[in-house]
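Asks:
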Amino acid sequence: MNLTLKIWRQAGPKAKGDMVTYSVTDISEDMSFLEMLDILNEQLNARGEEPIAFDSDCREGICGMCGLMISGRAHGPEVTTTCQLHMRSFSDGDEITVEPWRADAFPVIKDLVVDRSAFDRIIQAGGFISANTGAAPEAHSVPVPKPNADRSFMAAACISCGACVAACPNASAMLFTGAKITHLGELPQGQPEREARVVNMLNQHDHEGFGGCTNIGACSEACPKEIPLDVISQLNRDLRTALMHGE
Ligand code: SF4
Ligand code: FES
């Protein structure tokens, strides 16, 4: 395949960015989207031009580092991560726009790389349990009903990629925060801090500049781990309980 790419270039956090058009040739449909960008960077290097900065780590859909806005959709046209998106989802001659996540709380560092440390600070505000560490407990000493274990596991699949924020017109991180609340709130170990957790994490969410949820649902549609919208309902229920108890 030969493709035309319109890619956001921005030299640094304070620099003015712009879309720049590139042609990339000899792309196999079996390549991932990031491998296609690798090829483009090789071609730019060969011409003595500055390669495009973009993030990736595992390239296996696990780490959440690789988010890009591809032709206006977070992670592109498939429900998957950018690293697991393959070029067979595109056609020879396509024109593809590639932009970083767009949200005030995710400032651009360079080109397609954004700073997602706002997510880390939300986790630091309450995404933990205070159970003592030590030797691994006997597996059946704390029974967890299967439906709770399954729901916790589902929510724990969130990889903190930020696609939910990028897809949301309000740049809200409520799907991410709801996933973390649900992951811990379904387990016995998550109960001691349950009410303080939701208040502290939401305060941090708002402090970081993420918007509020208005039930649009674009977050869940864009989520590569298919986190459902009802984790936000669970977050709101926990918040109501916490506020009733004066948290
Ligand atoms: S909820 Fe989904 S889209 Fe949002 S950060 Fe987690 S995995 Fe990514
Ligand atoms: S590079 Fe790790 S999820 Fe894409």
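Counting in this note's numbering, the sequence shown runs from 531 upward without gaps. Beta carbons: idealized from backbone N, C-alpha and C, even for Gly.
#1: Under DSSP, the alpha helix (DSSP H) around D650 begins and ends at which residues?
#2: Going along the chain, which residues of its own chain have a beta-carbon closer than 7 Å to the beta-carbon of R651, five neighbours each way excluded?
#3: Within the same chain, show all residues whose beta-carbon is closer than 8 Å to that of N575, passing over the 5 residues directly before and after it, in chain order.
#4: Going by the DSSP bridge assignment, what does W538 pair with across the sheet?
#5: Let me check understanding here. Comparing Cα to Cα, which of V672, A696, I653 lies closest to T707?
#6: Quick check on S619: does DSSP put it in helix, strand or coil?
#7: With three or more beta-carbon pairs closer than 8 Å as the criterion, would you say the region 757 to 766 touches the region 681 to 689?
#8: Excluding five sequence neighbours on each side, which residues of the same chain lie with their C-beta closer than 7 Å to the C-beta of I791?
#9: Does the ligand FES have a heavy atom nearer than 8 Å to the CB of D568?
#10: If contacts are defined as beta-carbon pairs under 8 Å, then E559 and M531 qualify, I think. What distance do you get, rounded to the angstrom?
#11: Hey, would you say the C-beta of G591 is under 8 Å away from at least one heavy atom of the ligand FES?
#12: Can you tell me where the alpha helix (DSSP H) with T627 in it begins and where it stops?
Replies: In brief:
#1: It spans 647 to 656 - the alpha helix (DSSP H) in which D650 sits, taken as one unbroken run.
#2: Within the same chain, R651 has close Cβ partners Q734, E738.
#3: If we look at N575 and ignore the five residues flanking it on each side, its Cβ neighbours are P581.
#4: W538 pairs with M549.
#5: Distance check between T707 and each of V672, A696, I653 places I653 closest, using alpha-carbon atoms only.
#6: The answer is helix: DSSP assigns S619 an H, G or I state.
#7: When C-beta atoms of the region 757 to 766 are compared with those of the region 681 to 689, three or more pairs fall below 8 Å, so the two segments count as touching.
#8: Nothing can be reported for residue 791: it is not among the residues displayed for the chain, which extend from 531 to 777.
#9: Not so, every heavy atom of the ligand FES lies at least 8 Å from the Cβ.
#10: Contact check for E559 and M531: beta-carbon distance about 7 Å, within the 8 Å limit, so the pair qualifies.
#11: G591 has its CB nearer than 8 Å to a heavy atom of the ligand FES.
#12: Run containing T627: none in the alpha helix (DSSP H); it sits in the beta strand (DSSP E), 625 to 629.
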